[in-house]
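Visitor: Residues in the sequence shown are numbered consecutively from -14, following the working numbering.
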Amino acid sequence: MNFKSLPKWILPWALLVALVSSVAIVQRYRVEARNKSVCLVAEYETIEALASAQGLTIDRALENLKQQGLLGVALTEETLGDLIGQGRVAFSVPANQPAKEDVPVGLTFADQREVARVRKALQIRFQGLVGRSEGRGATMSLPQISASVLRQTPVGLNPVQAMVAQRHGLIIVARCSNPNGISGAGVRGTLAWAKSSGATIYLPQGEQVLGRRDAFEEMLTGLRESEMFYASPEFAKLGGDANVLDKAPDLVLRLHSAQAAELDKLPEQDAVDRYVKAARERSMRILLIRPLSVASALPLGSFADFMKRITTEIRREGGDIGAPKISPDNAMPKLYVMALSLVGAPLVWAAFCLFATNARVRAGLAMLAFALALAAAVKTGQQVMALLVSMAAPLIAFAWLIDKKPKSLIHGYVVVSLVSLVGGLYVAGMLTGLNYAIRADEFRAVKLSVFLPIPLVGFLCARELVDWKAALKSPITWGAAGIGVLVLAVLMLMVARTGNDSGVGASNTELLMRNVLDRVLYVRPRTKEFLIGHPLLVVGCGLLAWVMTLPEEGRAKWGGWVAVALMLASMGQTDVVNTLTHLHIPVGLSLIRIAEGWVLGGVFGAILWFVFQRLALRSNTAPAEVP
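1. Between Gly225 and Arg173, what straight-line distance do the alpha-carbon atoms span, to the nearest angstrom?
2. Excluding the 5 residues flanking Leu600 on each side, which residues of the same chain have their C-beta closer than 8 angstroms to its C-beta?
3. Does the Cβ-Cβ distance between Leu240 and Met269 come in under 8 angstroms?
4. Within 10 angstroms of its Cβ, does Lys310 collect 16 or more other Cβ (buried), or is it exposed?
5. Only counting the same chain, and skipping five residues up and downstream in sequence, which positions put a Cβ closer than 8 angstroms to that of Ala308?
6. For a cutoff of 8 angstroms on Cβ pairs, would you count Val134 as touching chain C?
7. Is the separation between the beta-carbon of Ser238 and that of Phe214 shorter than 8 angstroms?
8. Would Tyr398 pass as a contact of Cys526 if the rule is Cβ separation under 8 angstroms?
9. Closest to Val505 by CA distance: which of Ala430, Ser575 and Glu581 is it?
10. Quick one: which unbroken beta strand (DSSP E) runs of 3-plus residues sit fully inside the segment 37 to 62? Chain order, please.
11. If you pair each beta-carbon of the segment 386 to 393 with each one of the segment 184 to 198, do three or more pairs fall below 8 angstroms?
12. Three or more C-beta pairs under 8 angstroms: does that hold for the segment 526 to 538 against the segment 361 to 376?
13. Output the boundary residues of the beta strand (DSSP E) element that contains Tyr187.
14. Write down every uninterrupted run of the alpha helix (DSSP H) in the segment 249 to 320 whose length is 4 residues or greater and which is fully enclosed by it, in chain order.
15. If you check the beta carbons only, do Ala184 and Leu205 fall under 8 angstroms apart?
16. In whole angstroms, what is the alpha-carbon distance linking Ala289 and Val149?
17. By how many angstroms is the C-alpha of Tyr411 removed from the C-alpha of Ala378?
18. Give me the Cα-Cα distance between Ala344 and Ile381, rounded to the nearest whole angstrom.
19. When you compare each of Phe383, Ala36, Gly349 and Leu585 to Lys513 by their alpha carbons, which one comes out closest?
20. Only counting the same chain, and skipping five residues up and downstream in sequence, which positions put a Cβ closer than 7 angstroms to that of Leu416?
21. DSSP on Glu421, reduced to helix/strand/coil?
22. Let me know if Val346 comes out buried or exposed under the rule of 16 or more other beta-carbons within 10 Å of its beta-carbon.
23. Using three-state DSSP, classify Thr138 as helix, strand or coil.
24. Quickly, what does DSSP pair His241 with across the bridge? List them, please.
25. Quick one: any contact between the segment 560 to 579 and the segment 536 to 546, if contact means 3 or more CB pairs under 8 angstroms?
26. For Thr534, does the three-state DSSP call read helix, strand or coil?
27. Please list, in chain order, all residues of the same chain as Val257 whose beta carbon is under 8 angstroms from its beta carbon, the five residues on each side excluded.
28. Can you look up Leu0 in the DSSP assignment and give me helix, strand or coil?
29. Going by C-alpha to C-alpha distance, which of Gly286, Val16 and Val562 sits closest to Gly40?
30. Do you know whose CA, among Arg45, Ile109 and Leu60, lies nearest Gln53's CA?
31. Using 10 angstroms around the beta-carbon of Thr566, count the other beta-carbons present and answer buried if the total reaches 16, otherwise exposed.
32. Can you tell me whether DSSP reads Pro510 as helix, strand or coil?
33. Please identify the residue among Val523, Val596 and Phe94 whose C-alpha is closest to the C-alpha of Gly587.
34. Please state whether the Cβ-Cβ distance between Leu445 and Phe515 is less than 8 angstroms.
35. So within the segment 180 to 234, which uninterrupted beta strand (DSSP E) runs reach at least 3 residues, ignoring any that extend past its ends?
36. Let me check understanding here. Comparing Cα to Cα, which of Gly154, Ala27, Arg265 and Gly414 lies closest to Arg13?
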């Protein structure tokens, strides 16, 4: 059966779609290229502990670390319980009558300068109740509040630490919790107090964003009034974090850190790479650096060396150390979005028609494709069109391959790869804006766009290359059954490992291979592309050209194997599309990753095809030489 479903204009039209998509991609690239500043931050108390163990003052420690790239410190708000534990404040008891154990009547201060600070903290936290308390000298009476609640009361950032940080010109990141029962006024007051202490960035402490849930809008108002940014920690599951990303993307700075337990499992170079990749590959604007080792002959010196290596690697990879800033919104005008949607509609229609031959059905599909394109006026419609084109491009690429059956192996490999790439370019062009850059929003059909085209490609190839009547009459062999099980297992593994938050990790061998590739290449290509998909595409193109030279009997024998090879090869093409659907990764880096995987996969495929030819030659069934 000859494949006659593709119109002659389909490849030029795919080029047009790529060109229109590139308008938004170029704009996005320019925005990303202008903002590569990364801010290195460390926790003040960690620096102080390391410096003390080495016999250094905090001032000398900060100056040392600044030379290695430190730009900011994270200060965690203290609580009244912290002050009590340090002996700076104590619950007071009347001399003539002991107070109830759980309801103290007052506070006694070792330092009178703490009185104003605690009074302000109680006013922010308890509003009118504290208005009835009175402070005289180094004592303060308290309202009827239990000792446990009082101990948990935040008392703001440590003023001495804040003063030292400002003296050294460091950015202050305020870590504030969300105490039980805090009011909206208390939320705004907490942020305003942090701002008055010198903080310019707010980072949640604990499991919730300040103000979660019912005072959330007050928190956003407080951030804007205080002119503070919000640091969104990567991988952390904070209550309310997604709401901030959605409602106030213009305030968000993405932050990456690693817990001590995570760093402890990593070799030093891997720990450095973790921070560097976060900045380079995922556009983290703040890196919260923690010590790789807390035990050392020179604790602060070891930490400084670790930070210096991170700084050096960031600069070597083209980044910069500087104050974090919000990238401008690169969202494209609605008119452009609609134009791109309409340009993509013919590709969707052509892909629909691969599975429908009736003229009336095709006319109905054309109307459907046009209606879906118009639906791009809303966000959901944009997601739908991005999904459809992301799947249509690989399908059209393989349909062209089995239609034209190019005799040149290189010709087939290049055209299929370029047409498939159009699907990824379309998604990257359609879904633009600051909300995608900070992962407030994302392409929501990743798994579907990666896996649905694979069996569809298999169906198209089998329809053209397999004699189904003869195949159904033939008995199933153990070899064919084994191949089927293997293919199914590979697809299931891919499903489990694909997506922005895959729950299946890489094996130790794969991790070792990734580390080697990270050292050798500019950016590590995706494994499914250069080790599986692309090599099989080369082999599939060679087999297809060879099978066309065989008589009918030979085609019947080998057609099924060609279909299997091409179906598995489509994994690499859908993964190319997938690379560009990770919209928070710099688009230039994604394109380089695709190019490297394409070249490596092509080389491996050529080697595999050469070996296959030589082995087949020994059994007198060698494929013809294919250029």
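For each residue, glycine too, the CB sits at the ideal point set by N, CA and C.
Guide: Here's the rundown:
1. Here residue 225 corresponds to residue number 240 of the sequence shown, with the count starting at 1. Here residue 173 corresponds to residue number 188 of the sequence shown, with the count starting at 1. Cα to Cα, Gly225 sits roughly 16 angstroms from Arg173.
2. Mapped onto the sequence shown, residue 600 falls at position 615. Excluding positions up to five away in sequence, the list is empty.
3. The residue labelled residue 240 in the question sits at position 255 within the sequence shown. The residue labelled residue 269 in the question sits at position 284 within the sequence shown. For Leu240 and Met269, yes; Cβs fall inside 8 angstroms.
4. For the purposes of this step, residue 310 is taken as residue 325 along the sequence shown, with counting starting at 1. Lys310 comes out exposed.
5. Taking the first residue of the sequence shown as position 1, residue 308 is located at position 323. Short of 8 angstroms from the beta carbon of Ala308, and not among the five residues preceding or following it, lie these beta carbons of its own chain, in chain order: Ser22, Cys24, Leu56 and Ile156.
6. Protein chain content of the structure displayed is limited to a single chain, and chain C is not contained in it.
7. Counting from one through the sequence shown, the residue named residue 238 turns up at place 253. Counting from one through the sequence shown, the residue named residue 214 turns up at place 229. Correcting the residue identity first, residue 238 is Leu in this sequence and not Ser. Cβ distance < 8 angstroms, so Leu238 and Phe214 count as in contact.
8. Numbered from 1 along the sequence shown, position 413 holds the residue referred to as residue 398. Numbered from 1 along the sequence shown, position 541 holds the residue referred to as residue 526. Yes. Within cutoff.
9. Along the sequence shown, one-based indexing puts residue 505 at 520. Of the listed residues, the one whose Cα sits closest to Val505 is Glu581.
10. 55 to 61
11. no
12. no
13. Taking the sequence shown and counting its residues from 1, one reaches residue 187 at position 202. From DSSP, the beta strand (DSSP E) with Tyr187 extends over Ala184 to Pro189.
14. 253 to 267 and 284 to 301
15. For the purposes of this step, residue 184 is identified with residue 199 of the sequence shown, where counting begins at 1. For the purposes of this step, residue 205 is identified with residue 220 of the sequence shown, where counting begins at 1. Taking 8 angstroms as the Cβ cut-off, Ala184 and Leu205 do not qualify as a contacting pair.
16. Taking the sequence shown and counting its residues from 1, one reaches residue 289 at position 304. Taking the sequence shown and counting its residues from 1, one reaches residue 149 at position 164. Each residue's Cα considered, the two are about 19 angstroms apart.
17. What you label residue 378 is simply residue 393 of the sequence shown in a count that begins at 1. What you label residue 411 is simply residue 426 of the sequence shown in a count that begins at 1. So the alpha carbons of these two residues sit roughly 10 angstroms apart.
18. For the purposes of this step, residue 344 is taken as residue 359 along the sequence shown, with counting starting at 1. For the purposes of this step, residue 381 is taken as residue 396 along the sequence shown, with counting starting at 1. One C-alpha to the other measures close to 19 angstroms.
19. Residue 513 sits at position 528 when you count from the first residue of the sequence shown. Nearest C-alpha to Lys513: Leu585.
20. Position 431 of the sequence shown, counted from the start, is the residue given in the question as residue 416. The answer, listed in chain order, is Gln367, Ala371, Phe428 and Leu568.
21. Locating residue 421 in the sequence shown gives position 436, where the first residue counts as 1. Before going on, a small fix: residue 421 reads as Tyr here, not Glu. In this structure, Tyr421 counts as helix in the three-state DSSP scheme.
22. Counted from its first residue, the sequence shown places residue 346 at position 361. Exposed, by the Cβ-count rule.
23. Taking the first residue of the sequence shown as 1, we reach residue 138 at position 153. Thr138: coil per DSSP, three-state reduction.
24. Here the question's residue 241 lines up with position 256 in the sequence shown. Per DSSP, Leu272.
25. no
26. Here residue 534 is taken as the residue at index 549 of the sequence shown, counted from 1. Secondary structure at Thr534: coil, using DSSP grouped into helix, strand and coil.
27. Your numbering for residue 257 matches position 272 in the sequence shown. Around Val257: Phe291, Arg294, Ile295 and Glu298.
28. In the sequence shown, the residue the question calls residue 0 occupies position 15. Of the three classes helix, strand and coil, the one that applies to Leu0 here is helix, per DSSP.
29. On the sequence shown, position 55 is the one that residue 40 refers to. It is Gly286 whose Cα lies nearest to the Cα of Gly40.
30. Counting from one through the sequence shown, the residue named residue 53 turns up at place 68. Ranking the options by Cα distance to Gln53, first place goes to Arg45.
31. On the sequence shown, residue 566 is found 581 positions in, with the first residue counted as 1. Under this definition Thr566 is a buried residue.
32. Sequence index remark: in the sequence shown, residue 510 carries index 525 (1-based). Pro510 falls in the coil class under three-state DSSP.
33. Taking the sequence shown and counting its residues from 1, one reaches residue 587 at position 602. Minimum Cα distance to Gly587 is reached at Val523.
34. Along the sequence shown, read from residue 1 onward, the residue named residue 445 stands at position 460. Along the sequence shown, read from residue 1 onward, the residue named residue 515 stands at position 530. Between Leu445 and Phe515, the C-beta spacing is not below 8 angstroms.
35. 184 to 189 and 214 to 218
36. Indexing the sequence shown from 1 puts residue 13 at position 28. Of Gly154, Ala27, Arg265 and Gly414, the residue nearest in Cα terms is Gly414.
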